[in-house]
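Here the structure is laid out as structure tokens; the discussion comes afterwards.
2 protein chains.
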Amino acid sequence: MDSVQGVVAKTDCNDCPLKDKPHLAPFNHLGGPGIEQYKVGELRLTAGTNILMEGLKSPHLYTLIEGVAFRHKGLSDGRRQILNYAFPGDLVGLQGSLLGEMQHSIDALSDVALCVFDRSCLFDMFEKSPAAAYEITWRGAKDETILDENLLSVGRRSAQERAAYLLALLYQRAKLVGLAPKNRLNFPLTQLHIADTLGLSIVHTNRTLKVLSTKKVIQWQDRGCTILNPDALLEISGWEGLDSLTPRARL
Amino acid sequence: MDSVQGVVAKTDCNDCPLKDKPHLAPFNHLGGPGIEQYKVGELRLTAGTNILMEGLKSPHLYTLIEGVAFRHKGLSDGRRQILNYAFPGDLVGLQGSLLGEMQHSIDALSDVALCVFDRSCLFDMFEKSPAAAYEITWRGAKDETILDENLLSVGRRSAQERAAYLLALLYQRAKLVGLAPKNRLNFPLTQLHIADTLGLSIVHTNRTLKVLSTKKVIQWQDRGCTILNPDALLEISGWEGLDSLTPRARL
DNA sequence: CGTTATCTTGACTGAAATCAATCCCGGTGG
DNA sequence: CCACCGGGATTGATTTCAGTCAAGATAACG
Numbered sequence: 028m029d030s031v032q033g034v035v036a037k038t039d040c041n042d043c044p045l046k047d048k049p050h051l052a053p054f055n056h057l058g059g060p061g062i063e064q065y066k067v068g069e070l071r072l073t074a075g076t077n078i079l080m081e082g083l084k085s086p087h088l089y090t091l092i093e094g095v096a097f098r099h100k101g102l103s104d105g106r107r108q109i110l111n112y113a114f115p116g117d118l119v120g121l122q123g124s125l126l127g128e129m130q131h132s133i134d135a136l137s138d139v140a141l142c143v144f145d146r147s148c149l150f151d152m153f154e155k156s157p158a159a160a161y162e163i164t165w166r167g168a169k170d171e172t173i174l175d176e177n178l179l180s181v182g183r184r185s186a187q188e189r190a191a192y193l194l195a196l197l198y199q200r201a202k203l204v205g206l207a208p209k210n211r212l213n214f215p216l217t218q219l220h221i222a223d224t225l226g227l228s229i230v231h232t233n234r235t236l237k238v239l240s241t242k243k244v245i246q247w248q249d250r251g252c253t254i255l256n257p258d259a260l261l262e263i264s265g266w267e268g269l270d271s272l273t274p275r276a277r278l
Numbered sequence: 028m029d030s031v032q033g034v035v036a037k038t039d040c041n042d043c044p045l046k047d048k049p050h051l052a053p054f055n056h057l058g059g060p061g062i063e064q065y066k067v068g069e070l071r072l073t074a075g076t077n078i079l080m081e082g083l084k085s086p087h088l089y090t091l092i093e094g095v096a097f098r099h100k101g102l103s104d105g106r107r108q109i110l111n112y113a114f115p116g117d118l119v120g121l122q123g124s125l126l127g128e129m130q131h132s133i134d135a136l137s138d139v140a141l142c143v144f145d146r147s148c149l150f151d152m153f154e155k156s157p158a159a160a161y162e163i164t165w166r167g168a169k170d171e172t173i174l175d176e177n178l179l180s181v182g183r184r185s186a187q188e189r190a191a192y193l194l195a196l197l198y199q200r201a202k203l204v205g206l207a208p209k210n211r212l213n214f215p216l217t218q219l220h221i222a223d224t225l226g227l228s229i230v231h232t233n234r235t236l237k238v239l240s241t242k243k244v245i246q247w248q249d250r251g252c253t254i255l256n257p258d259a260l261l262e263i264s265g266w267e268g269l270d271s272l273t274p275r276a277r278l
């Protein structure tokens with residue numbers, strides 16, 4: 028377990044830190060054997076590393092166990108757009124597994140730990156467990172919901188509204204998985220990441236965040252962001268927040 | 028069959044104009060009974076009508092048979108962002124069926140005909156046909172791919188690049204289903220729709236399209252757009268085009 | 001202790017929004 | 001047949017927002 032990076036020995040799913048999270052319930056009572064039969068290893072990567080690269084065909088599908096990652100796409104001249112973030116419990120690389128080739132890249136934002144599954148487990152799961160298949164599809168739809176809101180944001184919200192929306196979203200998602208202790212986003216998000224998510228230049232992003240700071244809504248210090256007033260963020264952004272409702276229809 | 032609008036009698040799926048399209052193959056050899064057992068009716072709506080509204084819980088899932096529709100979300104003050112378009116053969120309302128409540132609206136761009144299924148057919152299909160379940164999930168992933176590119180576009184491409192990308196995308200998708208005869212987009216797309224898709228004002232959209240017209244790449248006339256030079260559109264946008272590759276891995 | 005990544009700030013430029021008219025054309029009703 | 005109307009497309013003038021350029025400040029890091 029000393030290796031900082033690379034595939035390490037397979038540990039028991041019963042020790043999984045996510046074991047008791049409601050997220051994964053459907054995978055635990057798969058018809059017959061549990062999810063662990065599909066697990067082929069673990070992967071630990073340091074912050075800033077690439078997990079999956081656009082254009083490549085990965086034989087693997089991942090679950091993010093620890094840390095935060097982000098999906099992004101780039102243009103040939105270097106411009107980059109961050110599409111979405113992944114938090115512990117999220118599936119990583121599903122699109123690539125389904126479509127055969129990655130259409131975007133995924134990088135580790137913080138140090139991350141991933142659980143590695145063979146791509147073929149997807150087909151198996153669809154064959155053997157309707158509940159698991161449904162769960163996967165449901166998650167995909169959920170993901171698309173966030174993407175929709177991101178697109179609305181980048182397309183139609185002002186810089187300040189956009190920034191407020193993004194921070195509110197990250198805050199809510201981080202909080203759900205314990206990554207926002209004392210309301211501080213507990214991962215190394217830089218203003219460049221924010222800029223590339225909002226579709227703004229880094230300079231303008233900085234100025235926009237400054238306005239939010241002046242309003243005492245957030246605080247940026249020591250390379251990190253603390254949310255001082257979550258409600259004000261929602262107010263400013265005009266976003267409803269993650270639907271607390273939506274208890275998934277059971278299959 | 029005279030009614031211009033509303034649910035009409037159920038016709039046989041064997042008469043479906045989409046029957047022979049490769050799109051639907053997986054649904055045709057569902058384990059046992061075909062897709063038609065789930066069909067509960069048909070819906071015809073005129074251009075500009077709302078199909079599904081944000082916030083509502085629809086008991087139905089649709090397949091678009093004829094015409095073009097678009098998904099969109101709005102802010103409280105009226106700003107609107109078009110997220111994606113639906114062409115014949117596409118599933119409409121899947122997100123709502125999965126998540127219980129629509130997170131976006133869907134409107135008819137042209138006159139449309141939709142095939143109506145009961146929402147519960149989803150659960151049934153997952154139970155009874157892994158191939159159909161996989162197909163649905165695969166389509167969701169494909170959709171998300173387009174959404175990703177749209178987000179990259181709105182976030183990082185210049186106005187002209189964006190417009191070129193959008194028109195190239197619509198052209199390619201329309202062509203696939205025969206809606207681009209003589210390279211003319213055969214549906215009533217207005218510059219306002221384009222503006223709301225690109226995240227630009229309508230005035231600036233007009234000026235941007237004018238530049239493309241001047242370059243003889245497109246032609247806007249009689250309330251419609253003709254693609255004069257598809258390759259130039261791709262060139263300008265820096266977009267690769269819909270992956271001609273990606274023959275889906277069969278379940 | 002220098003090096004590098006990140007954050008900040010100021011000055012200037014440029015892209016896109018906004019405001020305000022027109023224009024064009026198909027449809028409507030007198 | 002023709003005046004009127006309304007949605008859509010254009011165009012010009014002006015303002016505003018955001019990008020770019022340039023330079024420091026700050027602070028983690030080897």
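Protein chains in written order, with our numbering: chain U, 28 to 278; chain S, 28 to 278. Even glycine gets a Cβ: it sits at the ideal position worked out from N, Cα and C.
- Query: Among all the DSSP beta bridges, which residues are the ones paired with Val139 of chain U?
  - Reply: U:Leu72
- Cross-chain neighbours of Phe153 of chain U in chain S, by beta carbon under 9 angstroms: Phe153, Pro157, Ala158, Ala160, Tyr161, Thr164, Leu278
- Item | Contacts that Ala168 of chain U makes with chain S (C-beta to C-beta distance below 8 angstroms) | Leu121, Gln122, Leu125, Leu126, Gly167
- Return the chain-ordered list of same chain residues with a C-beta closer than 6 angstroms to the C-beta of Ala140 of chain U, the five sequence neighbours on each side being excluded. Arg71, Ile92, Glu93
- Message: Three Cβ pairs or more, each shorter than 8 angstroms: is that satisfied between the segment 125 to 134 of chain S and the segment 210 to 228 of chain S?
- Response: no
- Item | At least three beta-carbon pairs within less than 8 angstroms, the segment 114 to 133 of chain U to the segment 79 to 93 of chain U | yes
- Query: Which runs of the beta strand (DSSP E) spanning at least 3 residues fall entirely within the segment 216 to 278 of chain S, listed in chain order?
  - Reply: 245 to 248, 251 to 254
- Whole runs of the beta strand (DSSP E) within the segment 80 to 159 of chain U, excluding any shorter than 3 residues: 87 to 93, 96 to 101, 107 to 113, 132 to 135, 139 to 145
- Would you report the Cα separation of Pro44 of chain U and Pro215 of chain U, rounded to the nearest angstrom? 21 angstroms
- Message: If you reduce the DSSP assignment to three classes, tell me which class His189 of chain S lands in.
- Response: It is Arg, not His, that sits at residue 189 of chain S in the sequence shown. Residue state, collapsed to three classes: helix.
- Item | Where Glu176 of chain S falls, given that 16 or more other Cβ within 10 Å makes a residue buried | buried
- Query: Roughly how many angstroms lie between the CA atoms of Leu261 of chain S and Glu63 of chain S, to the nearest whole one?
  - Reply: 39 angstroms
- Verify whether the separation of the beta carbon atoms of Thr224 of chain U and Gln122 of chain U is less than 9 angstroms. no
- Three-state secondary structure (DSSP) of Val67 of chain U: strand
- Who are the neighbours of Asp175 of chain U on chain S, taking C-beta pairs under 8 angstroms? Arg98, Lys100, Leu110, Gln130, His131, Leu174
- Just the C-alpha distance for Met80 of chain U and Met129 of chain U, rounded to the nearest angstrom, thanks. 7 angstroms
- Write down the C-beta distance between Asn77 of chain U and Phe97 of chain U rounded to the nearest angstrom, noting that I regard them as a contact closer than 8 angstroms. Between Phe97 of chain U and Asn77 of chain U the Cβ distance is about 11 angstroms, and since that is not below 8 angstroms, they are no contact.
- Query: Where DSSP assigns a beta bridge to Asn77 of chain S, which residues make up the other side?
  - Reply: S:Asp134
- Query: Taking only beta-carbon atoms, is Gly226 of chain U less than 9 angstroms away from chain S?
  - Reply: yes
- Task: Measuring alpha carbon to alpha carbon, tell me which of U:Asp249, U:Ile245, U:Lys66, U:Val230 ends up nearest Leu255 of chain U.
- Result: U:Ile245
- Min CB distance Ala114 of chain U to chain S below 9 angstroms: The sequence given here places Phe at residue 114 of chain U; Ala does not occur at that position. Taking Cβ atoms only, chain S never reaches closer than 9 angstroms to Phe114 of chain U, which makes this a no.
- Item | Cβ-Cβ distance between Ile221 of chain U and Leu196 of chain U below 9 angstroms | no
- Message: Using CA atoms only, rank isn't needed, just tell me which of U:Gly182, U:Ala190, U:Leu149 is closest to Trp247 of chain U.
- Response: U:Ala190
- Just the C-alpha distance for Val34 of chain U and Leu203 of chain U, rounded to the nearest angstrom, thanks. Per-residue confidence for Val34 of chain U stands at a pLDDT of 48, beneath the threshold of 50, marking its modelled position as unreliable; the derived number appears in the next sentence. Distance between the alpha carbons of Val34 of chain U and Leu203 of chain U is about 27 angstroms.
- Task: Leaving aside the five residues before and after Pro257 of chain S along the sequence, list all residues of the same chain whose C-beta is less than 7 angstroms from its C-beta, in chain order.
- Result: Ala195, Tyr198
- With DSSP as the reference, label Arg183 of chain U as helix, strand or coil. helix
- Message: If we define contact as Cβ-Cβ less than 9 angstroms, is Phe150 of chain S a contact residue for chain U?
- Response: yes
- Task: Have a look at Ala113 of chain U and Lys66 of chain U and give me their C-alpha separation to the nearest angstrom.
- Result: 20 angstroms
- In terms of alpha-carbon separation, which member of U:Leu236, U:Gly265, U:Ser180 lies closest to Thr253 of chain U? U:Leu236
- Task: Tell me whether the beta-carbon of Gly167 of chain U lies closer than 9 angstroms to the beta-carbon of Thr164 of chain S.
- Result: yes
- Query: From Ser156 of chain S to Met152 of chain U, what distance separates their C-alpha atoms?
  - Reply: 12 angstroms
- Task: Name, going along the chain, the residues of the segment 238 to 266 of chain S whose beta-carbon falls closer than 7 angstroms to a beta-carbon of chain U.
- Result: Gly265
- Query: So which of U:Ser137, U:Val238, U:Asp145, U:Thr73 has the shortest CA-CA distance to Cys85 of chain U?
  - Reply: Cys is not the amino acid found at residue 85 of chain U; the sequence shown has Ser there. Nearest option by C-alpha distance: U:Asp145.
- Item | Whether Ser240 of chain S touches Glu188 of chain S by CB criterion (9 angstroms) | no
- C-beta neighbour in chain S for Asp270 of chain U, strict 9 angstroms: yes
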